[in-house]
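In our numbering, the protein residues as written are 101 to 319.
Following this line, the structure appears as C-alpha coordinates:
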(Lines of atoms letter the chains of each structure in order from A; the text may use other names.)
(Lines give C-alpha, C1' and ligand atoms only; values in the text may rest on other atoms or scores of the structure.)
Protein backbone atom coordinates (compact mmCIF):
# COMPACT_ATOMS: atom_id res chain seq x y z
CA UNK A 101 0.00 0.00 0.00
CA UNK A 102 1.26 3.48 -0.89
CA UNK A 103 0.64 4.88 2.59
CA UNK A 104 2.72 2.10 4.23
CA UNK A 105 5.91 3.06 2.41
CA UNK A 106 8.17 5.75 3.84
CA UNK A 107 8.16 9.08 2.02
CA UNK A 108 11.22 11.31 1.90
CA UNK A 109 11.99 14.58 0.13
CA UNK A 110 15.49 15.72 -0.78
CA UNK A 111 15.27 19.46 -1.21
CA UNK A 112 16.93 22.81 -0.66
CA UNK A 113 15.17 25.31 1.57
CA UNK A 114 15.13 28.35 -0.78
CA UNK A 115 14.15 26.23 -3.81
CA UNK A 116 10.66 26.99 -5.16
CA UNK A 117 10.70 23.63 -6.93
CA UNK A 118 11.20 21.70 -3.69
CA UNK A 119 8.55 23.91 -2.09
CA UNK A 120 6.01 22.73 -4.67
CA UNK A 121 6.56 19.14 -3.60
CA UNK A 122 6.18 19.89 0.09
CA UNK A 123 3.03 21.92 -0.53
CA UNK A 124 1.49 19.05 -2.50
CA UNK A 125 2.33 16.50 0.21
CA UNK A 126 1.06 18.74 3.00
CA UNK A 127 -2.11 19.57 1.10
CA UNK A 128 -2.88 15.84 0.99
CA UNK A 129 -1.83 15.23 4.59
CA UNK A 130 1.05 12.89 3.73
CA UNK A 131 3.70 12.37 6.41
CA UNK A 132 7.23 12.60 5.07
CA UNK A 133 10.82 13.16 6.12
CA UNK A 134 12.65 16.15 4.68
CA UNK A 135 16.41 16.37 4.07
CA UNK A 136 17.98 19.69 3.14
CA UNK A 137 20.76 19.28 0.58
CA UNK A 138 23.85 21.38 0.01
CA UNK A 139 23.52 22.03 -3.72
CA UNK A 140 27.16 23.17 -3.88
CA UNK A 141 28.37 19.92 -2.33
CA UNK A 142 25.89 17.31 -3.53
CA UNK A 143 25.47 14.24 -1.37
CA UNK A 144 26.06 10.69 -2.65
CA UNK A 145 22.36 10.08 -2.02
CA UNK A 146 21.32 12.94 -4.33
CA UNK A 147 23.68 11.73 -7.07
CA UNK A 148 22.48 8.16 -6.65
CA UNK A 149 18.79 8.94 -6.95
CA UNK A 150 19.01 11.61 -9.67
CA UNK A 151 22.02 10.58 -11.76
CA UNK A 152 20.63 12.24 -14.90
CA UNK A 153 20.11 15.86 -13.78
CA UNK A 154 21.90 15.68 -10.40
CA UNK A 155 19.53 18.18 -8.77
CA UNK A 156 16.71 18.53 -6.28
CA UNK A 157 13.89 17.96 -5.58
CA UNK A 158 13.76 14.19 -5.29
CA UNK A 159 10.78 12.31 -3.88
CA UNK A 160 11.65 8.92 -2.42
CA UNK A 161 8.62 6.66 -2.01
CA UNK A 162 9.98 3.58 -0.38
CA UNK A 163 12.91 2.69 -2.63
CA UNK A 164 11.46 4.46 -5.69
CA UNK A 165 12.92 7.87 -6.62
CA UNK A 166 10.84 10.39 -8.60
CA UNK A 167 12.43 13.58 -9.96
CA UNK A 168 11.39 16.87 -11.61
CA UNK A 169 8.95 18.85 -9.49
CA UNK A 170 5.93 18.84 -11.84
CA UNK A 171 6.40 15.12 -12.47
CA UNK A 172 6.59 14.57 -8.71
CA UNK A 173 3.33 16.48 -8.25
CA UNK A 174 1.64 14.23 -10.82
CA UNK A 175 2.98 11.17 -8.98
CA UNK A 176 1.70 12.47 -5.65
CA UNK A 177 -1.75 13.07 -7.14
CA UNK A 178 -1.95 9.58 -8.64
CA UNK A 179 -0.53 7.81 -5.58
CA UNK A 180 -2.60 9.56 -2.92
CA UNK A 181 -6.05 10.39 -4.35
CA UNK A 182 -7.35 12.10 -1.19
CA UNK A 183 -7.79 15.89 -1.42
CA UNK A 184 -7.37 15.82 -5.21
CA UNK A 185 -5.44 18.66 -6.84
CA UNK A 186 -6.49 17.72 -10.39
CA UNK A 187 -10.08 17.68 -11.59
CA UNK A 188 -11.74 14.45 -12.72
CA UNK A 189 -12.76 16.27 -15.89
CA UNK A 190 -10.20 15.63 -18.69
CA UNK A 191 -10.48 19.16 -20.09
CA UNK A 192 -9.99 20.78 -16.68
CA UNK A 193 -6.97 18.56 -16.05
CA UNK A 194 -5.53 19.59 -19.41
CA UNK A 195 -6.02 23.27 -18.59
CA UNK A 196 -4.33 22.85 -15.21
CA UNK A 197 -1.31 21.29 -16.86
CA UNK A 198 -1.29 23.95 -19.58
CA UNK A 199 -1.10 26.87 -17.15
CA UNK A 200 1.47 25.11 -14.98
CA UNK A 201 3.60 24.60 -18.10
CA UNK A 202 3.06 28.21 -19.16
CA UNK A 203 4.35 29.38 -15.80
CA UNK A 204 7.35 27.08 -16.15
CA UNK A 205 8.21 28.20 -19.69
CA UNK A 206 7.33 31.90 -19.54
CA UNK A 207 7.02 33.25 -16.00
CA UNK A 208 10.19 31.72 -14.56
CA UNK A 209 12.55 33.16 -17.21
CA UNK A 210 10.64 36.45 -17.15
CA UNK A 211 11.03 36.73 -13.37
CA UNK A 212 14.73 35.90 -13.60
CA UNK A 213 15.12 38.48 -16.37
CA UNK A 214 13.47 41.08 -14.13
CA UNK A 215 15.70 40.08 -11.20
CA UNK A 216 18.82 40.53 -13.32
CA UNK A 217 17.54 43.81 -14.83
CA UNK A 218 17.45 42.32 -18.32
CA UNK A 219 13.88 43.27 -19.11
CA UNK A 220 10.63 44.25 -17.40
CA UNK A 221 8.13 44.03 -20.23
CA UNK A 222 8.36 40.25 -20.47
CA UNK A 223 7.38 39.86 -16.82
CA UNK A 224 4.50 42.33 -17.11
CA UNK A 225 3.11 40.56 -20.17
CA UNK A 226 3.63 37.00 -18.90
CA UNK A 227 1.72 37.73 -15.70
CA UNK A 228 -1.03 39.50 -17.68
CA UNK A 229 -1.38 36.34 -19.75
CA UNK A 230 -1.31 34.18 -16.62
CA UNK A 231 -4.32 36.13 -15.30
CA UNK A 232 -6.34 34.69 -18.18
CA UNK A 233 -6.04 31.30 -16.53
CA UNK A 234 -7.87 32.65 -13.50
CA UNK A 235 -10.73 34.01 -15.59
CA UNK A 236 -12.61 35.42 -12.61
CA UNK A 237 -11.93 32.43 -10.35
CA UNK A 238 -10.43 32.60 -6.86
CA UNK A 239 -7.87 29.92 -7.73
CA UNK A 240 -6.87 28.33 -11.01
CA UNK A 241 -8.83 25.26 -9.89
CA UNK A 242 -11.90 27.29 -8.93
CA UNK A 243 -12.81 27.76 -5.29
CA UNK A 244 -10.12 25.42 -3.97
CA UNK A 245 -6.37 25.18 -4.44
CA UNK A 246 -5.26 22.80 -7.17
CA UNK A 247 -2.33 21.65 -9.27
CA UNK A 248 -1.65 24.94 -11.06
CA UNK A 249 -1.88 26.98 -7.87
CA UNK A 250 0.67 24.77 -6.12
CA UNK A 251 2.93 24.76 -9.17
CA UNK A 252 2.94 28.57 -9.46
CA UNK A 253 2.39 29.64 -5.86
CA UNK A 254 6.06 30.47 -5.31
CA UNK A 255 5.97 33.26 -7.92
CA UNK A 256 4.45 35.97 -5.68
CA UNK A 257 6.99 35.22 -2.93
CA UNK A 258 10.02 35.60 -5.17
CA UNK A 259 8.41 38.51 -7.01
CA UNK A 260 8.00 40.42 -3.74
CA UNK A 261 11.63 39.78 -2.88
CA UNK A 262 12.82 40.82 -6.34
CA UNK A 263 10.84 44.06 -6.21
CA UNK A 264 12.21 44.85 -2.75
CA UNK A 265 15.82 44.22 -3.80
CA UNK A 266 15.43 46.27 -6.99
CA UNK A 267 13.35 49.02 -5.38
CA UNK A 268 10.61 48.47 -7.97
CA UNK A 269 6.82 48.35 -7.80
CA UNK A 270 6.26 46.91 -11.25
CA UNK A 271 3.57 44.37 -10.31
CA UNK A 272 0.89 45.51 -7.87
CA UNK A 273 -2.84 45.49 -7.18
CA UNK A 274 -3.48 48.15 -9.82
CA UNK A 275 -1.43 46.67 -12.66
CA UNK A 276 -2.34 42.99 -12.14
CA UNK A 277 -5.48 42.83 -9.93
CA UNK A 278 -6.34 39.16 -10.60
CA UNK A 279 -2.79 37.96 -10.00
CA UNK A 280 -2.54 40.10 -6.87
CA UNK A 281 -5.83 38.73 -5.40
CA UNK A 282 -4.86 35.14 -6.24
CA UNK A 283 -1.44 35.62 -4.61
CA UNK A 284 -3.02 36.93 -1.42
CA UNK A 285 -5.59 34.12 -1.17
CA UNK A 286 -3.07 31.38 -1.99
CA UNK A 287 -0.39 32.49 0.45
CA UNK A 288 -2.99 33.02 3.17
CA UNK A 289 -4.13 29.36 3.05
CA UNK A 290 -3.09 27.66 6.35
CA UNK A 291 -1.45 24.65 4.65
CA UNK A 292 0.53 26.90 2.30
CA UNK A 293 1.44 29.46 4.95
CA UNK A 294 2.78 26.77 7.29
CA UNK A 295 5.49 25.72 4.80
CA UNK A 296 6.59 29.16 3.60
CA UNK A 297 10.33 29.66 4.22
CA UNK A 298 11.22 32.60 6.49
CA UNK A 299 10.99 35.75 4.39
CA UNK A 300 14.07 37.39 5.92
CA UNK A 301 16.16 34.33 5.08
CA UNK A 302 14.96 34.28 1.47
CA UNK A 303 15.56 38.01 1.14
CA UNK A 304 19.12 37.71 2.44
CA UNK A 305 19.92 34.80 0.12
CA UNK A 306 18.42 36.49 -2.94
CA UNK A 307 20.25 39.71 -2.10
CA UNK A 308 23.53 37.78 -1.97
CA UNK A 309 22.79 36.21 -5.36
CA UNK A 310 21.91 39.60 -6.83
CA UNK A 311 25.14 41.12 -5.48
CA UNK A 312 27.19 38.31 -7.02
CA UNK A 313 25.46 38.76 -10.38
CA UNK A 314 26.16 42.48 -10.32
CA UNK A 315 29.79 41.91 -9.40
CA UNK A 316 30.28 39.37 -12.18
CA UNK A 317 28.74 41.68 -14.78
CA UNK A 318 31.18 44.53 -14.09
CA UNK A 319 34.08 44.87 -16.53
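Quick reminder that beta carbons are idealized off the backbone N, C-alpha and C, glycines included.
Please state whether DSSP places residue 134 in a helix, a strand or coil.
-> strand
Let me know the secondary structure DSSP gives residue 154 once reduced to three states.
-> coil
Mind the definition here: the region 129-140 touches the region 112-121 only if three or more C-beta pairs lie below 8 Å; say whether that holds.
-> yes
Grab me the residues of residue 295's own chain with a C-beta within less than 8 Å of its C-beta, minus the 5 sequence neighbours each way, in chain order.
-> 119, 122, 123 and 126
Can you find at least 3 beta carbon pairs, one from the region 149-160 and one from the region 210-223, that sit closer than 8 Å?
-> no
Check whether the region 246-255 touches the region 198-209, taking contact to mean three or more Cβ pairs, one atom from each stretch, closer than 8 Å.
-> yes
Roughly how many whole angstroms lie between the Cα atoms of residue 277 and residue 224?
-> 12 Å
Proximity test, Cβ basis, 7 Å: residue 143 and chain B | Although the question refers to chain B, the structure presented lacks it and comprises just one protein chain.
Quick one, which of 308, 311, 181 and 267 has its alpha-carbon nearest residue 130's?
-> 181
What distance in whole Å lies between the Cβ atoms of residue 251 and residue 219, which are believed to be in contact at a cut-off of 8 Å?
-> Contact doesn't hold; Cβ gap of about 23 Å is too wide.
Straight-line Cα distance separating residue 167 from residue 109 | 10 Å
If you drop the 5 nearest sequence neighbours on each side, which residues of the same chain put their C-beta closer than 6 Å to that of residue 187?
-> 193
Burial state of residue 107, where buried means 16 or more other Cβ atoms lie within 10 Å | buried
Meets three-Cβ-pair contact criterion under 8 Å: the region 257-267 and the region 289-304 | yes
Could you name each continuous beta strand (DSSP E) segment of 3 residues or more that falls completely within the region 158-225, going from the start of the chain to the end?
-> 158-161 and 164-167
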